[in-house]
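Peer 1: Mind looking over this structure? Questions follow.
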Amino acid sequence: MKKLALGYVSCLPQTQLVTKFLEELKNERLMGTRCRKCGTKYLPPRAHCKCGSEDVEWFEASHRGKILTYTLIGFPPKSMSKHAPYVVAIAELEDGSRLLAQLTGVTLKTLRVGMPVQVASRPLSKDKIVYEFKPIEPSCGCAKRS
Amino acid sequence: MTEKVGIVGIGHAKFGKRTDVTLRELAHEAVTPALEDAELDVKDIDASVIGVASEEFAAQVSPAILVHDYVGMEDKPVFRVEAACATGSAAVRAAWALIKSGLAKVVLVVGAETMTHLGTLGATEVIARAGDTRWEYPFGVTFPGFYALMTTAHMDKYGTTREQLSMVSVKNHMYGAMNPNAHIQRKITLEEAMKSAMICSPLNLYDCCLISDGAAAVVLASEEKAKSISDTPIWLVGLGAASDTMLVSERENLTELKATKMAADRAYGMAGITAKDVDVAVVHDCFTIAEIMAYEDLGFCRKGEGGKFIEEKQSYIGGKTPTNTDGGLKSKGHPLGATGISMTIEITKQLRGEAGKRQVNGAEIGLSHNVGEAGQYCFVHVYCR
C-alpha cells in the first residue's frame, strides 16, 4: 500500500489543477476555483462545478479568517505518527471559503473557537509544500510569519 | 407499493477480537442462526446481498462471493454493497429493493468485517482514508478527529459538557454488559470514562467505539412469503437515506449531520410516523458526540438539547426514547459491514419481545440509524410489528 504523508498524496496523479494550486502556494497565493456559470466557489479548487459546468476560473482566496472548530490529534493514523500530536482546524476565511488544515503556533490553552488566523505556506521539502493556519497576533493584528 | 417487506430471520455472531475465525467463517456464524431462526434451508433463499466495507480489512478483493459461496449459496445471485460504516444498512436497503422490485422473494443479507488483525493504529489509518485523500486526509485528520471537530463546535455553540459525553458511554456500556454478543461486556463508571486517555481532544478513549471483528445476518421476505415463514415477522415500513459533502470543511453546520435529518424525514414520511412514535432506537454512536447529535437530528429532542437528553436519562429504558439497548457501537463493537445489520437485529428482537433484560416493554415501533464516514452516508429504517 502506498503511503500517504503530510500535505501531499503520493498515490494520486499530480494533475494540472493541483500543480497550479501548489505553484501559486509557493508564492503565498491561496487559489480556489469559481464556476463561471453559477458562481459557486471552491476552496480547495475543483476542475468541475457541482452544477455540471466545466467552465471554472481561478480566484485568490483570502488569507485571513477565523477558527470554526479544532481538535488536538493525539492518536494519528500510522503514517502520521511522527508528527503527533498536532492540531487540525476548520477555518472560515474572510471571503467565506472554508478550509481544513493543521494549525501551528498554538497550545490547547490558547486555542478558542473564533480565534483569528492566517493561512500560510509551509514548504516540507524542495518540491513539497502545504498550507497551514497560524494565529494572528492579537496585539498588532498584522500577518506576522515565523 | 402496498406489499410490505418483513424480517423473518436473524443471526448474530459474537463481536470481538476473533482471531479464531476468518471472514467467511465469521459470516457463517451469523448465517446459520439466521436460517434456523427463519426455519429455512439455504435452498429456500433466492439471492444474497453482502455488506463488507473494506477490502483492506477483508484482505480479499471482492469479498462478497467468498461469503456467499461459503454459506452454500453457490449459483444464486449475489452482489456486494458498500457505504463505509453504514454498509450494513445499505445492504438491508438493497435487499428491500430487490424484493419490492419482484427480482427476489426471500433475500439473505450478510454483513461481516475483520478489523483487529491490522491493530488499532493500522485500522485507524485504513478508516482515515475514507476521508478525502487529496484534501483532508493528508492533514492527519482521523475519524475520531472529524467527530472531535464536531464536538468542539457543539460544545462551543450549545454548551454540551465533557460529562454529558461520558454519560453516553456509561449508558452504552451498561446495556452492552447485558448483551452476550457484545465485544466488551463490562459496565464502566462516569469517572473511569471521563479520565480515560485523550484520543483527539475533546474526545477520549471512552468516547470512541471499538475496532472489532464481527458478522450479522438477516433474512428478508416479501409480505406473502414472510407471513408463511414466520408468525412474528417484523415489517420494514420506512426507509430513508441521504448523503452530504465529501469535504467536511464544506459543510455549513458542524454541529449536526444534515444527512441524518434528511434520511429521518424521508423514513418518518414513508412510515407515516413522527419521532415521538419511536419506542426504541439504535443510533450510530461511533463517538459519544454522534449519539448526542443523533438524538437531536432524529428529532428525539430539540437541537442543542442532546446533552440534556442523556443527562436526564431520556435515552435509557424508561426514558422518552430508549437508545442503543444493545450497547451500541461503543460497547457492542463496530465491525463496519456488520454494524447496520446488527442494528436491524436488535430492533427485531425488541419488537418481537425477545430482548430479555434489555427489553423495552411493549415496543411496537423501532428505528435504526446508521452513518457512513462523518455523515457522508446515512440510512434510517423504521420497523413495526
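In order, the protein sequence lines correspond to chains W and G. Position one of the first sequence corresponds to residue 3 (this note's numbering), numbered consecutively onward. Position one of the second sequence corresponds to residue 652 (this note's numbering), numbered consecutively onward. Don't be surprised by glycine CBs; every beta carbon is placed ideally from N, CA and C. Predicted model, so just to flag it, every value in this text is computed and none were measured.
Between Pro884/G and the ligand FAD, is there a pair consisting of the residue's CB and a ligand heavy atom that are separated by less than 7 Å?
Peer 2: What this structure holds is no ligand at all, so the ligand FAD is not there to describe.
Peer 1: If contact means a Cβ-Cβ distance below 8 Å, which residues of the stretch 59-80 of chain W contact chain G?
Peer 2: Listed by position, the residues of the stretch 59-80 of chain W near chain G (Cβ gap below 8 Å) are Leu70, Thr71, Tyr72, Thr73, Leu74, Ile75, Gly76, Phe77, Pro78, Pro79, Lys80.
Peer 1: Between Asp671/G and Ala932/G, what straight-line distance do the alpha-carbon atoms span, to the nearest angstrom?
Peer 2: Distance between the alpha carbons of Asp671/G and Ala932/G is about 32 Å.
Peer 1: Do His935/G and His1020/G have their beta-carbon atoms positioned less than 8 Å apart in this structure?
Peer 2: Contact: yes.
Peer 1: Apart from the five residues just before and just after Lys876/G, which ones in its own chain have a Cβ nearer than 7 Å to its Cβ?
Peer 2: Excluding residues within five positions, the ones whose Cβ falls inside 7 Å are Lys756, Val757.
Peer 1: In chain G, what lies closer than 7 Å to Arg100/W by C-beta?
Peer 2: Chain G residues near Arg100/W: Ser900, Glu901.
Peer 1: Where does Gln120/W sit, in a helix, a strand or coil, going by DSSP?
Peer 2: Correct three-state label for Gln120/W: strand.
Peer 1: In angstroms, rounded to a whole number, what distance separates the CA positions of Cys774/G and Gly1026/G?
Peer 2: Cys is not the amino acid found at residue 774/G; the sequence shown has Ala there. If I take the Cα positions, the gap works out to 19 Å.
Peer 1: Less than 8 Å between CB atoms is the rule here; does Leu759/G satisfy it with respect to chain W?
Peer 2: Taking Cβ atoms only, chain W never reaches closer than 8 Å to Leu759/G, which makes this a no.
Peer 1: Quick one: what does DSSP say Gly1007/G is sitting in, helix, strand or coil?
Peer 2: Residue state, collapsed to three classes: helix.
Peer 1: Once DSSP output is grouped into helix, strand and coil, what is the label at Ala932/G?
Peer 2: Here Ala932/G sits in strand by DSSP.
Peer 1: Spatial neighbours of Ala892/G within its chain, please: CB distance less than 6 Å, with the 5 preceding and 5 following residues excluded, ordered by chain position.
Peer 2: Ala914, Phe1030.
Peer 1: Rounded to the nearest angstrom, what separates Gly34/W and Ser740/G at their Cα positions?
Peer 2: Whole-angstrom Cα-Cα distance: 36 Å.
Peer 1: Could you list which residues in chain G have their beta carbon closer than 7 Å to that of Pro46/W, in chain order?
Peer 2: What Pro46/W touches in chain G: Trp786.
Peer 1: With a threshold of 7 Å on Cβ separation, who are the neighbours of Ser873/G within its own chain once the five nearest residues in sequence on each side are excluded?
Peer 2: Same-chain partners within the cutoff: Glu654, Val656, Ile750, Lys756.
Peer 1: Give me the chain W residues within the contact set of Met766/G, using Cβ-Cβ distance strictly less than 8 Å, ordered along the chain.
Peer 2: Near Met766/G there are no residues of chain W at all, since even the closest Cβ is about 14 Å away, more than 8 Å.
Peer 1: Looking at Tyr133/W and Leu19/W, is the spacing between their C-beta atoms short of 8 Å?
Peer 2: Contact: no.
Peer 1: What's the C-alpha gap between Lys111/W and Phe790/G?
Peer 2: The alpha-carbon atoms of Lys111/W and Phe790/G are separated by roughly 22 Å.
Peer 1: CB-CB under 6 Å to Pro728/G, same chain, minus the five flanking residues each way: which ones, in chain order?
Peer 2: Hits under 6 Å: Ala698.
Peer 1: Expressed to the nearest angstrom, what Euclidean distance is found between the alpha-carbon atoms of Leu841/G and Phe960/G?
Peer 2: Rounded to the nearest angstrom, the two C-alpha atoms are 16 Å apart.
Peer 1: Can you grab the Cα-Cα spacing for the pair Arg837/G / Thr811/G, in whole Å?
Peer 2: Roughly 26 Å separates the two Cα atoms.
Peer 1: Taking C-beta pairs closer than 8 Å, name the residues in chain G that Val115/W reaches, listed in chain order.
Peer 2: In chain order: Thr803, Ala804, Asp807.
Peer 1: Provide the residue span of the beta strand (DSSP E) that contains Lys130/W, from first to last.
Peer 2: From DSSP, the beta strand (DSSP E) with Lys130/W extends over 130-137.
Peer 1: Alpha carbon to alpha carbon, how far is Ala763/G from Val869/G?
Peer 2: Spanning the two alpha carbons is a distance of roughly 12 Å.
Peer 1: Rank Arg902/G, Tyr809/G, Thr793/G by C-alpha distance to the C-alpha of Met82/W and give the top, closest one.
Peer 2: Here the closest residue by C-alpha is Thr793/G.
Peer 1: Is it right to say Ser752/G is buried, meaning 16 or more other beta carbons lie within 10 angstroms of its own, or is it exposed?
Peer 2: Ser752/G comes out exposed.
Peer 1: Specify the secondary structure class of Ala145/W as computed by DSSP and reduced to three states.
Peer 2: Its pLDDT being 45, under 50, Ala145/W is placed unreliably by the model, and the measurement read from it follows with that caveat. Reduced to three states, the DSSP call for Ala145/W is coil.
Peer 1: Residues in the same chain with beta-carbon distance under 7 Å from Pro78/W, minus the five sequence neighbours each way, listed in chain order, please.
Peer 2: Cβ within range, chain order: His85, Ala86.
Peer 1: Measure the alpha-carbon distance for Ala737/G versus Leu1018/G and round it to whole angstroms.
Peer 2: Rounded to the nearest angstrom, the two C-alpha atoms are 15 Å apart.
Peer 1: Taking the continuous alpha helix (DSSP H) assigned at Tyr798/G, which residues delimit it?
Peer 2: Where Tyr798/G is concerned, the enclosing alpha helix (DSSP H) stretches over 794-809.
Peer 1: Taking the alpha carbon of His805/G as the point to measure from, which residue in Val90/W, Leu70/W, Lys43/W, Phe61/W has its own alpha carbon closest?
Peer 2: Considering only alpha carbons, the answer is Leu70/W.
Peer 1: Would you please verify whether the beta carbon of Ala622/G is less than 8 Å from any beta carbon of chain W?
Peer 2: Residue 622/G is absent from the structure shown; chain G starts at 652 and stops at 1036.
Peer 1: Taking only beta-carbon positions, decide if Cys144/W is within less than 8 Å of chain G.
Peer 2: Reliability of the predicted coordinates at Cys144/W is poor, the pLDDT of 46 falling under 50, and the value obtained from them is presented with this limitation in mind. Not closer than 8 Å to any Cβ of chain G, the Cβ of Cys144/W fails to qualify, so no.
Peer 1: I want to verify the contact list: residues of chain W whose CB lies under 9 Å from the CB of Leu800/G, in sequence order.
Peer 2: In chain order: Leu70, Thr71, Tyr72, Thr73, Val90, Ala91, Ile92, Leu102.
Peer 1: Identify, in the order they occur along the chain, each residue of the same chain with its Cβ nearer than 8 Å to the Cβ of Tyr788/G, setting aside the five sequence neighbours on each side.
Peer 2: Counting only Cβ-Cβ distances below 8 Å, and skipping sequence neighbours, we find Ala779, Arg780, Gly782.
Peer 1: Can you pull the DSSP bridge partners for Ile69/W?
Peer 2: Ile69/W pairs with Ala93/W.
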